[in-house]
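K.L.:
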Amino acid sequence: MLGLNKKDTSLLIIVAILTLLAPFILNPFPEGSAMAQFNAGYPDLMQRFVIFGIFAIGFNILFGLTGYLSFGHAAFLGVGSYSAVWMFKLLSYNVIPAIALSVVVAGLFSLLIGFVSLRRSGIYFSILTLAFAQMSFALAYSVLSNPKFNLTNGETGLQVYADDPQILQGANAPDLPHLFGLPMRATYTMDVGAWSFDFNAGYYLCAVIMMAVFYLAIRIFRSPFGMMLRAVKSNQQRMNYTGLNSKPYTLAAFVISGMYAGLAGGLMAAMDPLAGAERMQWTASGEVVLMTILGGTGTLIGPVLGAGFIKYFENIFSKINDNVLHSWFAFLPDGLEDAVVFLIHPFIGKGWHLTLGILFMLVVIYLPGGLVEGGQRLLNRFKRRKTGTDDAPSGKTEPAE
Amino acid sequence: MTNKSVTRRGVLKSGAVAGTGLALPTIFTASSAAAFTNEPTGSSVTLGFNVPQTGPYAEEGNDELLAQQLAVEHLNGEGDGGCLNTFSSKALQGNGILGKKVEFVTGDTQTKSDAARASAKSMIEKDGAIMINGGSSSGVAVAVQGLCQEAGVIFMAGLTHANDTTGKDKKANGFRHFFNAYMSGAALAPVLAAEMGKERRAYHLTADYNWGWTQEESIVASTEALGWETVNTVKTPLASTDFSSYIAPVLNSGADVLVLNHYGGNMVNSLTNAIQFGLLDKVANGKDFKIVVPLYSELMAAGAGENIKGVLGSMNWNWQLQDEGTKAFVKSFGEKYGKPPSNSAQTCYAQVLLYADAVERAGTFNPCGVVEALEDFEFDGLGNGPTWYRGADHQCFKDVLVVRGNQNPTNAYDTLEIVEITPRAQVEYDPEHPMFAGGDLGKCNPGA
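Same order as they appear, the protein sequences are chains A and B. Under the working numbering, think of the first position of the first sequence as 1, with each following residue one higher. Under the working numbering, think of the first position of the second sequence as 1001, with each following residue one higher.
1) For S1297/B, which option in S1044/B, A1345/B and F1277/B has the closest C-alpha, if you only look at C-alpha atoms?
2) Taking its Cβ as the centre, do 16 or more other Cβ atoms sit within 10 Å of H1262/B, making it buried, or is it exposed?
3) To which residues of the same chain is A231/A closer than 6 angstroms at the C-beta, ignoring the five residues directly before and after it?
4) Does the beta carbon of R1176/B sit closer than 8 angstroms to a beta carbon anywhere in chain A?
5) Given a cut-off of 8 angstroms on the beta-carbon distance, is the pair K319/A and T1241/B in contact?
6) Under the DSSP definition of a beta bridge, which residues are partnered with Y1203/B?
7) Closer than 7 angstroms by C-beta to G1081/B: which residues in its own chain qualify, once you throw out the five before and the five after it? Chain order, please.
8) Just checking: is the beta-carbon of A162/A within a distance shorter than 8 angstroms of some beta-carbon in chain B?
9) Under 9 angstroms between beta-carbons, which chain B residues line up against L45/A? List them in chain order, please.
10) For a cutoff of 8 angstroms on Cβ pairs, would you count K319/A as touching chain B?
11) Say whether chain B places a C-beta atom closer than 8 angstroms to the C-beta of Y404/A.
12) Please state whether DSSP places K1101/B in a helix, a strand or coil.
13) Go ahead and pull the three-state DSSP assignment for E1372/B.
14) Between the alpha carbons of G308/A and G53/A, how many angstroms are there, rounded?
15) What's the call for G357/A, buried or exposed, on a 16-neighbour Cβ count within 10 Å?
16) Is the Cβ-Cβ distance between L1238/B and A1207/B less than 8 angstroms?
17) Please confirm whether N384/A has its beta-carbon closer than 8 angstroms to some beta-carbon of chain B.
18) So, does the CB of N235/A fall closer than 8 angstroms to a CB anywhere in chain B?
19) Taking CB distances under 8 angstroms as the criterion, tell me whether E287/A reaches chain B.
20) CA-CA distance, S1136/B and Q1110/B?
21) List the residues that DSSP assigns as beta-bridge partners of G1174/B.
22) For the segment 263-283 of chain A, which residues have a beta carbon sitting closer than 7 angstroms to at least one beta carbon of chain B?
23) Excluding the 5 residues preceding and the 5 following K7/A in the sequence, name in chain order all residues of the same chain whose CB lies nearer than 8 angstroms to its CB.
24) Straight-line CA distance for C1396/B to H353/A?
25) Might you give, ordered along the chain, the residues of its own chain that have their beta carbon closer than 7 angstroms to the beta carbon of L250/A, omitting 5 neighbours on each side?
26) Taking the C-alpha atoms as reference points, what is the distance between K1331/B and Q1320/B?
27) Measure the Cβ-Cβ separation of Q159/A and P43/A and say whether it is below 8 angstroms.
28) What whole-angstrom Cβ distance do A1141/B and A1157/B have, given they're in contact under 8 angstroms?
29) Quick one: does N1003/B have its CB under 8 angstroms from some CB of chain A?
30) Ignoring anything shorter than 4 residues or poking outside the segment 292-361 of chain A, list the alpha helix (DSSP H) runs there in chain order.
31) Alpha carbon to alpha carbon, what distance is there between A1373/B and A1362/B?
32) Under a CB-based cut-off of 8 angstroms, is V1105/B close to chain A?
33) Could you tell me which residues DSSP pairs with K1290/B in its beta bridges?
34) Starting from the Cα of E1417/B, find the closest Cα among I1308/B, V1144/B, A1091/B and V1234/B and give me that residue.
35) Could you check which residue in P303/A, W328/A and N235/A has the C-alpha nearest to that of S33/A?
36) Enumerated in chain order, which unbroken segments of the beta strand (DSSP E) with a length of 3 residues or greater are wholly contained in the segment 1262-1342 of chain B?
The structure is reproduced here in structure tokens:
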């Protein structure tokens, strides 16, 4: 289907099902129950899952295929966000021009940075991109936000004010980002018994876009162009000796992944019309590297999983506080309850970084291929057991791995 | 392998799902039954406490969180009641808010606008928070205030000192109890004149972001009105940790006062550098060299240690004040946590009580009712003396403290001494003052 082989088609379909049914899948616990703390099916987090999924898919096109580790991708995300908010300020709150411009501007910006950075490879490339990103951050944070020439509004973040021109804004168009009149914030809540599921317009816009760019990523992975990028990763020198100039390929990959990042940035601004300079900081660039490695570098679905994993920890674990813990362990005797809470305390709330760090270490050590490898191992074990049961009557012992 | 049939079914299934997915948005526009966002229907009401738990202002944030938890206890009638006993409005009974038990959720702003908005959004969308309180930086405050305005909940700002929060970025659903840079300037100027004379030459080092600029602008304006001369204003990057290269030129500039428009770790480092360069021992233009830090906090004072001795600055509130409200708050905070509260803790505590009281008086959780109840509300007994929540810009007006690093501290918390309590009338300004102009409160938004 759609020029994909069977395996890729089923992967695309699985992703489609997961994203479209996310409001159900992410809200498995009834409202008001103790486990409701772990529900992630509220609009903001679902939007973040897919937006950072897009960001990571794009990053993976560069890192997973060519092996070029960019430490500055957050700069493109930030540039995308700023362009989108400027579109809101100048034209109207319709998200289409905003998202379009964010992709274009991020593409141009990545062309510029990629052209310079790709003159070097390996660690030098990483450092160059990091330097550019930090430079962009400093520009956005203070230089370009002085009262005389205020492009980014600095620390406060760029936002839309009532006295902005908004020349295309219709008289009765919603006063917040919308898609031809449908506000991104609009949410339909479905109550089923004790459960409640949120269907958010903005989320579905992001989800549809993510499926489109996921499909595009599959096509890139399977194309001759993708093969060329893989060749760059495995042995660029040999490629050069055979007379091929690899630079146009790497630059194209860099620009494509920059545009993905810009798209993610534009969507972020479309969901929440404020662009902060922190989006461009090196920690944000590092985050997408973590997402990709955690999920599985060079795999299609891995980066999306990694993005979801990290955003889940950031948003759910950071919100568990001692009070919540006490309510969970209230059934224990007082002394024991306090002891258990004391033991768990460092890993929740402000300690979510610690929990994430430990999990990241475990994944990298035991599953070098990321979460995707974990999934494959489980699947293999399951399959083997299945075939194993067929042999079972013979009474043979199963071979241990 | 029977992949083919699986795929076909998958295609059909996903087609059907995609169809519903595309059809769904059309029913989103249907308005829901609630009269306003997160209308509390059960026996409890949820408040969102959004403070920096990691990052440069983590200490301030954790202190705020302690105070907020204390406020919830007092609202629910636990503990000794704290400021409920001294508050001039007697609407709060200690039985929660409007009879509903107060519960709270917490989040980490990481002192980043993005993270703060994400955290606040999850409180509003997931936990059903009806009000967001907290924050320890102006960028975050403005970002979250904008979000609350869009979402239709009330934002009670924590520590935010930039003029913009109730100036060009003011919002109808947002309220600030803390003082601002203009007030710092207005309060400090007379004390500076009395202590240092009217013929001084000032050199400014300013953190290069929004808050730093508004503070520099305010201090320059109020000191120049005294007759001081501004020799130079230098912007320093926020991420700097070593300010030696910025301090050295001060010595040869002909200035005799150094103004540090820095906060948190920046201020601790720049002040330490200035002391190491022996600035305070110098004599310039025939006068002793002086250092001024316009915005002080207890936590910064503790960080700077010995170096703050004799350095002047301003504060919103200090635990050593002797009014009834302060005594009651310091007593219950001290008994619970074993230390005196900081001024960021006090502002958050006061904000939570003020919100609860406004809801009681309005008789509804509807943000528009709350806004109406808070606008032009006059109260006393929360520690800052008689206070006025001005309706025109949602800024509190109250006395401002001028403090000095204590020369002979007797204990770890006794780092600052109060030099003067500047009366409210002296720090008031017109809502259309040029430093605050350009904003628009807009209309209160109840959401839904």
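From the three backbone atoms N, C-alpha and C, an ideal C-beta is built for every residue, glycine too. Please read all numbers here as calculations on a predicted model, not as lab measurements.
P.N.:
Answer, in terms of the structure:
1) A1345/B
2) buried
3) M239
4) no
5) no
6) N1232/B and L1258/B
7) H1074 and G1094
8) yes
9) A1118, K1121, S1122, E1125 and K1126
10) yes
11) An answer regarding residue 404/A cannot be provided, because it is not within the stretch 1 to 401 covered by chain A.
12) strand
13) helix
14) 7 angstroms
15) exposed
16) yes
17) In the sequence as presented, Asn is not what sits at residue 384/A; that position holds Arg. Cβ-Cβ to chain B under 8 angstroms: no for R384/A.
18) no
19) no
20) 10 angstroms
21) F1155/B
22) D272, L274, G276, E278 and R279
23) none
24) 37 angstroms
25) Checking the sequence shown, residue 250/A turns out to be Thr, not Leu. T66, Y68, L118 and V232.
26) 11 angstroms
27) no
28) 5 angstroms
29) Legend: pLDDT at N1003/B = 45, less than 50; position of this residue unreliable, value from coordinates given subsequently. Chain A, which has a Cβ nearer than 8 angstroms to the Cβ of N1003/B, makes this yes.
30) 302-316, 322-328 and 334-344
31) 6 angstroms
32) yes
33) V1257/B
34) I1308/B
35) W328/A
36) 1290-1295 and 1312-1315
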